[in-house]
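Peer 1: Just dropping this structure here.
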Amino acid sequence: MRVAVYSANFGNYRNELSVNNMNKVNFSKEIDYYLFTDNDIKCKWNVQKVTLEKDLDFMNKFRHTSKKYKFCLPKILDSYDYVIWCDTKSLQNIDNLSLDKIEKLITNTKKSIFLIKHPGRVHSTEELDVTLKMGMEKKENVNNFKNKIQNITFNSQVPDSTTIIRKVDDYHNKCFTEIYNVQLNNKLCRDQNVIQYAFHIMGCESKLFYFKSHQDLRNNLR
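If you're matching positions, the sequence shown starts at 1 in the UniProt record's numbering and goes up one per residue.
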């Protein structure tokens, strides 16, 4: 099985893009590691410097580009069987990964999308309420999307989307691209506001597996 880890950071978001931060991850020789960025950083990752997407009226070009690369699989990753997305703020989740444990997890669970359970929320309407209260989204956009989904009974729960493991094939690529599309179509910045709905409309809820926490993920992958 071929597995790649990938991350992205544009505009040095949260000042997380330092050589020290990126190089502190202990790599597995059996796994490839890619970083997509607009920065000239020199680190041990396979750095892919890319062009920024455009500014949107609800999301700046740095966040827009990050969401694009997070959910629309870059072509350089097409040949892998599975990919692991990790935010640059959560790199401890991919430290000392074991390919053998990853393969066993996939075989034993018979799932193809692996997420971390959100510690405090189940339905997307809860996430929308919190992000609105914190001023992270525009009120009109939140209310419009909330009205669209509030009566849906999801067969899933809101994940913490900082780390995601998923299969690479046409179907799964479409499922994840839909997350990006739903974000843009509904003018929402936060992917955790839309990811549950995107999985629902793409019919992939039965493929989801949830780790209980970040630590549970680490325990299962090391």
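Every residue gets a Cβ at the ideal spot worked out from N, C-alpha and C, and that includes glycine. All figures in this text were calculated on a predicted structure; none of them were measured in a lab.
1) Work out the CA separation of C43 and I149 for me, nearest whole Å.
2) Could you check which residue in E205, D169, Y180, N193 has the C-alpha nearest to that of D78?
3) Just how far apart, CA to CA, sit D81 and C175?
4) Start and end of the alpha helix (DSSP H) containing R14?
5) Whole angstroms is fine: what's the gap from L17's alpha carbon to S66's?
6) Is it the case that the Cβ atoms of N9 and T37 are separated by a distance below 8 Å?
7) Between which two residues does the alpha helix (DSSP H) carrying S66 extend?
8) In its own chain, which residues sit with a C-beta less than 7 Å from the C-beta of R14, not counting the 5 before and 5 after it?
9) Around the C-beta of I94, are 16 or more other C-beta atoms found within 10 angstroms, so that it is buried, or is it exposed?
10) According to DSSP, is C175 part of a helix, a strand, or is it coil?
11) If you drop the 5 nearest sequence neighbours on each side, which residues of the same chain put their C-beta closer than 7 Å to that of K61?
12) Could you give the DSSP three-state label for Y80: helix, strand or coil?
13) Using the Cα positions of S28 and S213, report the straight-line distance between them to the nearest angstrom.
14) Please confirm whether L208 and K101 have their CB atoms less than 8 Å apart.
15) In terms of DSSP beta bridges, what is I164 paired with?
Peer 2: In short:
1) 42 Å
2) D169
3) 16 Å
4) Counting along the chain, R14 falls outside any alpha helix (DSSP H), and DSSP gives it neither H nor E.
5) 13 Å
6) yes
7) 61 to 71
8) K89
9) buried
10) helix
11) L52, E53, K54, D55
12) coil
13) 22 Å
14) no
15) W85
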